[in-house]
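Residue numbers (the working numbering): 687 to 1334.
Listed below in structure tokens is the structure:
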């Protein structure tokens, strides 16, 4: 039997390699379906532990319908890049959910049933041109009980918050029972009603929108006898002149195991901007001194925290002369100011505050006082009257003298505590119960029952609350920009204030699945080398432009000087000298312009050389390397064959 030819062996080997290649891909597709390798610098495609916990606890199937019009990416490439990242992130969620998440990628073509379904879900259609056809880039999610959550339109500006938005949406469907948050405040967080009376829209602050998306938010009056039994976390914002019965109700709520998130303030910028809504002018401070004393902490009276290192830059001066100055009472607090050992602040990167107070543990307190947010060591306590009204920002900066110590702006308080009412419930509570209040008496029925309950003198378990010495941390002005996008309100945070609040509520209520999901990096990677080349060239160009402007001024001054002289030659000689001067200036100006063009040309050449190098390494280098390796291998084989032939 004759041996098969080399050509036949090569053909069989080629066919076998092709079959093996297809088989490996098929096996890998099924066996390694959930395997991922994230080599991005900021691990953009690696889900955090909180997201993984949420996916692991899904008990019922969830369907994610990703509606995306490819034409949007064709017309606006930045949306196409972002859409690819969203799709890959959704695929990561589906892969890790082990069958509990079904992902559907849909193209809502104009006038199709798919588009009708997208509109029915509430997704936002956006026109690209005058034809009227709309494009979609949103997500609709449903569970087995027909609950639904949507992201009407993905905004590239929120790419850093993509994982948070997606996990929050899945968490809402996986755990329909929401934490109940009781909000007690006189600040216009749910909308400025006085402005609404003047015809302005009643729009809640971004923090309220965020809380409503995540939790069941109940607004309580500032005059109640007891905290409703269904409230999991009591959120008290800028409490002022609360009646004794309300203080007693808060005291009892905390002592019997209720969780509280408290925002007090030595000077509320929000209240100062809405004096008609929140009380008499000048009454802008709040505290809970009586309760704080029982809880083992205090807020320094009449002082705000100033910080030179973390001060925010603001514009001061007149319209004709604007100057940027550090305002030491408005703070942009970075990672070094946040407690990374606590899950509330562990994954945050920036918190903005304004005219914040200073918290301290009381001497001899039994509770534990754990700082969450602090100033830098370059700080001082500033009298509150210096920041009221129209503060002298420049004077505050000039007079700043550091105390070389960190000041606590927010803290977590835990441990054993006693009641703030050792002599028993306040008489006002009993009086209100006896006299009744007409129709309102029925509304306060649960409170009346609570007032007759036995008083809790000592906490049955360690109290757990978070205290923040600033209410302006919730004001949109200091941490978020709310934009209108075709009728949809889109919040673009510049700091993690909202994340801090939701983190605190999650931790206080016992849930940690939404921890660590907050700000992530973006898939957009700038060409830093190119940008540096651009900056250097711009600096050279600006220097030459300034030189040109100075020469122009010098020449104009010389012309004026010549015009002021009267020589014996009269005006003719003067005109000739002016003409020569102007000719010299024009020649010089043309030379400088040529030099400026050369600077721009050098800039373009530097960028082109870098581009050519990158294209070479990305496109040609690897094929050339493979080709060179093949040539070397071929030469080696030829030499081996030649030696074998000579030996045989």
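Each residue gets a CB set at the ideal place from its N, CA and C atoms; glycine is no exception. These numbers come from a predicted model, not from an experiment.
From what residue to what residue does the beta strand (DSSP E) around residue i run?
| i | result |
| --- | --- |
| residue 949 | 945-949 |
| residue 993 | 989-993 |
| residue 823 | 823-829 |
| residue 1101 | 1094-1101 |
| residue 902 | 902-906 |
| residue 753 | 748-754 |
| residue 1056 | 1054-1060 |
| residue 849 | No beta strand (DSSP E) contains residue 849, which is instead part of the alpha helix (DSSP H) from 848-860. |
| residue 1153 | 1149-1154 |
| residue 983 | 983-985 |
Using a Cβ-Cβ cut-off of 7 Å (strictly less than) and excluding sequence neighbours within five positions of residue i, which residues of its own chain qualify?
| i | result |
| --- | --- |
| residue 1145 | 941, 1102 and 1103 |
| residue 976 | 933 and 1106 |
| residue 1055 | 982, 983, 1047, 1097 and 1099 |
| residue 1083 | 1011, 1012 and 1014 |
| residue 1169 | 1176 and 1178 |
| residue 986 | 1043, 1044, 1046 and 1067 |
| residue 871 | 923 and 924 |
| residue 835 | 827, 855, 858 and 859 |
| residue 928 | 908 |
| residue 862 | 833 |
| residue 905 | 869 and 876 |
Can you list, in chain order, the residues of its chain whose CB lies under 6 Å from that of residue i, leaving out five sequence neighbours each side?
| i | result |
| --- | --- |
| residue 1002 | 1009, 1011 and 1079 |
| residue 921 | 867, 869 and 947 |
| residue 864 | 901 and 902 |
| residue 829 | 746, 748 and 859 |
Can you say whether residue i is buried or exposed, counting buried as having 16 or more other CB atoms within 10 angstroms of its CB?
| i | result |
| --- | --- |
| residue 1294 | exposed |
| residue 765 | buried |
| residue 1335 | Only positions 687 to 1334 of the chain appear in this structure, which leaves residue 1335 out of reach. |
| residue 734 | buried |
| residue 1351 | Because the chain is modelled from 687 through 1334, residue 1351 falls outside the range shown and cannot be assessed. |
| residue 916 | exposed |
| residue 695 | exposed |
| residue 1071 | exposed |
| residue 1110 | exposed |
| residue 1303 | exposed |
| residue 811 | buried |
| residue 972 | buried |
| residue 775 | buried |
| residue 1327 | exposed |
| residue 1313 | exposed |
| residue 666 | The first residue shown for the chain is 687 and the last is 1334, placing residue 666 beyond what the model contains. |
| residue 752 | buried |
Quick one: is residue i near chain D, going by C-beta distance under 8 Å?
| i | result |
| --- | --- |
| residue 1053 | Reference to chain D is not applicable here, since this structure consists of a single protein chain. |
Please state the DSSP three-state secondary structure of residue i.
| i | result |
| --- | --- |
| residue 1323 | helix |
| residue 762 | coil |
| residue 785 | coil |
| residue 1165 | coil |
| residue 1142 | coil |
| residue 1021 | helix |
| residue 1313 | helix |
| residue 1038 | strand |
| residue 927 | coil |
| residue 1046 | strand |
| residue 1177 | strand |
| residue 736 | helix |
| residue 1012 | strand |
| residue 799 | helix |
| residue 809 | coil |
| residue 1353 | Any answer about residue 1353 is impossible in this case: the structure gives the chain only from 687 up to 1334. |
| residue 1333 | helix |
| residue 997 | strand |
| residue 678 | No statement about residue 678 is possible, as the shown extent of the chain runs from 687 to 1334 and does not include it. |
| residue 814 | coil |
| residue 871 | strand |
| residue 1073 | coil |
First and last residue of the alpha helix (DSSP H) that includes residue i?
| i | result |
| --- | --- |
| residue 936 | 930-941 |
| residue 1065 | Note, residue 1065: premise wrong, no alpha helix (DSSP H); beta strand (DSSP E) at 1065-1069. |
| residue 1188 | 1183-1195 |
| residue 957 | 955-959 |
| residue 913 | Careful: residue 913 lies outside any alpha helix (DSSP H) and carries neither H nor E. |
Would you mind giving the Cβ-Cβ distance between residue i and residue j, rounded to the nearest angstrom? I have them listed as a contact below 8 Å.
| i | j | result |
| --- | --- | --- |
| residue 662 | residue 1164 | The shown model of the chain, from 687 to 1334, leaves out residue 662, and the question about it has no answer. |
| residue 745 | residue 955 | The pair is not a contact, with the Cβ atoms about 45 Å apart (cut-off 8 Å). |
| residue 1035 | residue 1062 | In fact, because the Cβ distance is near 16 Å, the residues do not count as touching under 8 Å. |
| residue 675 | residue 814 | For residue 675 there is no data in the structure shown, the boundaries of the chain being 687 and 1334. |
| residue 754 | residue 807 | Incorrect: roughly 14 Å between the Cβ atoms, too far for contact. |
Leaving aside the five residues before and after residue i along the sequence, list all residues of the same chain whose C-beta is less than 8 Å from its C-beta, in chain order.
| i | result |
| --- | --- |
| residue 1128 | For residue 1128, the pLDDT reaches just 40, beneath the cut-off of 50, and the residue's location in the model is therefore unreliable, leaving the point undetermined. |
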